[in-house]
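In the working numbering, the protein residues as written are 805 to 861.
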């Protein structure tokens with residue numbers, strides 16, 4: 805019988821979640837690189853949100 809400690813199981817799950825998240829981020833980056841106009845729009849939105857946050861403080 806193969807017994808895996810709870811800590812090892814939890815660590816394995818966390819590592820898988822990180823790998824899944826990294827794969828998702830890489831897929832998003834590839835998608836944006838294929839559409840530079842969308843990247844520019846996202847950058848402008850992020851700048852606008854940052855300005856709005858600064859004004860709100």
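Think of the CB as a built atom: it goes at the ideal place given N, C-alpha and C, for glycine as much as any other residue.
Annotation for residue 847: the continuous alpha helix (DSSP H) segment containing it runs 840-860. The beta carbon of residue 842 sits closer than 7 Å to the beta carbons of 836 from its chain, once the five residues preceding and following it are set aside; these are given in chain order. When rounded, the separation of the alpha-carbon atoms in residue 858 and residue 820 is 37 Å. If you look at residue 829, you'll find it in the alpha helix (DSSP H) that goes 810-837.
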